[in-house]
Structure formats: structure tokens, C-alpha cells
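Novice: Residue numbers (my numbering): 1277 to 1331. Ideal Cβ placement from N, Cα and C applies to all residues, glycine included. I'd like to ask you about the structure that follows.
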């Protein structure tokens, strides 16, 4: 990510219609939200390994 997002959400929805509903009815309706950006994964090429967590 470039810039400084105030919050980063990773969201899974059933389909694009459900995502649009979430975007319009929930995210943009939140008090204090001035900008919402989105990226949609078209196809997963590589499975994420996660972050290494040590003791």
C-alpha cells in the first residue's frame, strides 16, 4: 500500500451485489468516513503464507 490509510479491511462477501450493498449501505454511511477505496481480487495466483510469528 502507498500513502497512509486510516484503516485497512479485508472483507469476504458472497458476490459483487453483496459487496455493493456493503459499500453503499455500511462503509460510506459511517460517520467520519471521507474516502473509501477498493481493490477486488480477480484471481488468486499464489496462496498467502501469512506473516511469521515468533515467540
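Mind checking which residues open and close the alpha helix (DSSP H) that includes residue 1323?
Specialist: That residue, residue 1323, is in no alpha helix (DSSP H); it is neither H nor E in DSSP.
Novice: Does DSSP put residue 1302 in a helix, in a strand, or in coil?
Specialist: helix
Novice: How big is the Cα-Cα spacing for residue 1308 and residue 1298?
Specialist: 17 angstroms
Novice: DSSP on residue 1294, reduced to helix/strand/coil?
Specialist: helix
Novice: Return the CA-CA distance between residue 1322 and residue 1315, expressed in angstroms with no decimal places.
Specialist: Separation of residue 1322 and residue 1315 (C-alpha to C-alpha, rounded to the nearest whole angstrom) is 17 angstroms.
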